[in-house]
Amino acid sequence: MTNTGHRADRGHPILAALSAIDSEIDTLERAPAWSMSDDETRRVLVELTRLVAQVTSLELKVAAHADRNQVGDASVATSTSVWWANHTRMTQREAARKVKLAKALEQHDAVGHALAAGDVLLDQASVITDAVDALPDTVQPDLRTRARDYLLDAARHFDARALRIQGRRILDVVAPEIGEAEEARQLAAEEKKADQAARLTMHDDGHGQTHGRFTLGTAEADMFRKALQAIASPQAGGEGLSPHGMGLAFAEYVRRYPTEQLPEAGGVSATVVVTMTLETLLGGLKAAQLDTGTRISPGLARKLACDAGVIPAVLSGRSEVLDAGRRRRFHTKAQRIAMAVRDKGCAAQGCERPTSACHAHHLVPWAKGGSTSVKGGVLLCPRHHTLAHHDDYDLTHHPNGKISFTKRE
Numbered sequence: 031m032t033n034t035g036h037r038a039d040r041g042h043p044i045l046a047a048l049s050a051i052d053s054e055i056d057t058l059e060r061a062p063a064w065s066m067s068d069d070e071t072r073r074v075l076v077e078l079t080r081l082v083a084q085v086t087s088l089e090l091k092v093a094a095h096a097d098r099n100q101v102g103d104a105s106v107a108t109s110t111s112v113w114w115a116n117h118t119r120m121t122q123r124e125a126a127r128k129v130k131l132a133k134a135l136e137q138h139d140a141v142g143h144a145l146a147a148g149d150v151l152l153d154q155a156s157v158i159t160d161a162v163d164a165l166p167d168t169v170q171p172d173l174r175t176r177a178r179d180y181l182l183d184a185a186r187h188f189d190a191r192a193l194r195i196q197g198r199r200i201l202d203v204v205a206p207e208i209g210e211a212e213e214a215r216q217l218a219a220e221e222k223k224a225d226q227a228a229r230l231t232m233h234d235d236g237h238g239q240t241h242g243r244f245t246l247g248t249a250e251a252d253m254f255r256k257a258l259q260a261i262a263s264p265q266a267g268g269e270g271l272s273p274h275g276m277g278l279a280f281a282e283y284v285r286r287y288p289t290e291q292l293p294e295a296g297g298v299s300a301t302v303v304v305t306m307t308l309e310t311l312l313g314g315l316k317a318a319q320l321d322t323g324t325r326i327s328p329g330l331a332r333k334l335a336c337d338a339g340v341i342p343a344v345l346s347g348r349s350e351v352l353d354a355g356r357r358r359r360f361h362t363k364a365q366r367i368a369m370a371v372r373d374k375g376c377a378a379q380g381c382e383r384p385t386s387a388c389h390a391h392h393l394v395p396w397a398k399g400g401s402t403s404v405k406g407g408v409l410l411c412p413r414h415h416t417l418a419h420h421d422d423y424d425l426t427h428h429p430n431g432k433i434s435f436t437k438r439e
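Take the position in the sequence shown, starting the count at 1, then add 30; the result is the number in this note's numbering.
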């Protein structure tokens, strides 16, 4: 119920109508909604939505008048929207949005009339005026009118979100020959803006985790998302596309990225070097270290030593380099294809991960003389590859080519 105490002067028809509406709403508030039938409930809900649009139209009409007259000047408000927000407890952002739309509707009578009739909602009206106003200056008035009318008709079937998508490409409908060139111009401008806004920040919390935020162009984000989804494809009992699953996929994406495709900086490639003792490489418990200074567990070190983007620098007990691993120890593309044909996915018993999500693992560790061959290798998914290098599990290679894991006592 609205307070009518400030309506002593009801000389203007709008004030008089507001008083009458206020009384009607008081009556409606006392009417029990529970007694309506389902059909009546549906009709009332739809009509109330339509009525809200009509009342909003009147609100915007008065807001435009208030802005022209600068009604906030008397109280030294910096703008009509600020005055309006202060007197109604509306946010200044919402008040400014409504004043902007109110002024826009004065230039789009047909949209204003549709809102007043309840044929479009507030957000739809905003989308239509924005779409028409965004048309290039070279677009003739008759095309603007056709664009507006098309969107008004579409508003009978689509909500504001779907309408905005149509509005962005409205010229493709009313003037295809202009629309294609304009879309290309808009996309180029958006891509340039996205490049300028590109950001990546990372913060190491000092406890083995790094947190970050990023901003990417939508096209690059789509590529990134598809790459992660391919790695984190859903499977029974797995993390799949959950936030955790996508996080694991992100880590896997970083580990498997082919560093030979990255540019060199100061003559040094982006390959990560893992420094570890020979004892660690052969199964010991001593921690290893990346060339970035980060300390890692022996299990992760041995796993990274199998990845193509990492080179192990193996030290003797006196920290002398015994061997700096070279990339020829990794399975070639042809070998991986042959293993994929043979293994048909992860070789771990019961695992259904596809070959595209698997690593090539040496059955006999490379450091112990294992051969980089099809016979000496097997495909394992990231999870089972991790277990293969985990100190708590024993790996068994069965005659049928499958791999099983047994947890040590």
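Heads up, the beta-carbon is just placed ideally off N, CA and C, and yes, glycines get one too.
Given 8 Å, three or more beta-carbon pairs between the segment 98-108 and the segment 50-70: Not touching, per the Cβ criterion.
Alpha-carbon to alpha-carbon, Cys411 and Gly375: Going from the Cα of Gly375 to the Cα of Cys411 covers about 8 Å.
Cut-off 6 Å between Cβ atoms - residues of its own chain near Glu350, not counting five sequence neighbours on either side: Here Glu350 scores only 45 on pLDDT, less than 50, and its place in the model is too uncertain to base an answer on.
Three-state class that DSSP yields for Lys437 in the structure shown: The answer is strand: DSSP assigns Lys437 an E or B state.
Neighbour-count burial assignment, Asp163, 16 or more Cβ in a 10 Å radius: Taking every protein chain shown into account, the CB of Asp163 has fewer than 16 other CB atoms within 10 angstroms, so this residue is exposed.
The segment 89-102 / the segment 47-66 touching (three or more Cβ pairs under 8 Å): Contact fails between the segment 89-102 and the segment 47-66, because fewer than three Cβ pairs, one in each stretch, are under 8 Å apart.
Three CB pairs or more closer than 8 Å across the segment 235-245 and the segment 204-223: Flag = no, the segment 235-245 and the segment 204-223 do not touch.
Three-way DSSP call (helix, strand, coil) for His241 in this model: Taken through DSSP and simplified to helix, strand or coil, His241 comes out as strand.
Local Cβ density within 10 Å of Gln137, reported as buried at 16 or more and exposed below that: With fewer than 16 Cβ atoms within 10 Å of its Cβ, Gln137 is classed as exposed.
C-alpha distance - Trp64 paired with Arg80, whole-angstrom precision: Going from the Cα of Trp64 to the Cα of Arg80 covers about 21 Å.
Spatially closest choice to Ala364 from Cys388, Ala378, Leu330, Ser403, by CA coordinates: Nearest to Ala364 by alpha-carbon distance, out of Cys388, Ala378, Leu330, Ser403, is Ser403.
Segment limits, beta strand (DSSP E) that includes Val408: That run of the beta strand (DSSP E) goes 407-410.
Arg73, enclosing alpha helix (DSSP H) - first and last residue: Looking at the DSSP string, the run of the alpha helix (DSSP H) that includes Arg73 is 68-99.
Distance, His414 Cα to Arg285 Cα: Taking the straight line from one Cα to the other gives about 15 Å.
Beta strand (DSSP E) runs contained entirely in the segment 199-249, provided each spans 3 or more residues: Inside the segment 199-249, DSSP marks whole beta strand (DSSP E) runs of 3 or more residues at positions 229-234, 240-245, from first to last along the chain.
DSSP bridge partner residues for Leu258 (one or two, in chain order): Note: Leu258 sits in no beta bridge, so no partner.
Which of helix, strand or coil DSSP assigns to Thr426: In the structure shown, Thr426 sits in a strand (DSSP, three-state: E or B).
is_contact[Gly102, chain B] using C-beta, thresh 9 Å: No chain B appears in this structure, which consists of one protein chain only.
Where Ala338 falls: helix, strand or coil (DSSP): For Ala338, the predicted model reports a pLDDT of 46, less than 50, meaning its position is unreliable; a value from the coordinates is still stated below. Here Ala338 carries a coil assignment [DSSP, helix/strand/coil].
Burial state of Glu207 (16 or more Cβ within 10 Å): Exposed.
Residue span of the beta strand (DSSP E) that contains His389, given as start and end: For His389, the enclosing beta strand (DSSP E) starts and ends at 389-392.
Exposure label - Gln154; buried when at least 16 CB within 10 Å: So Gln154 counts as buried.
Straight-line Cα distance separating Asn99 from Val85: Approximately 21 Å, taken between the alpha carbons.
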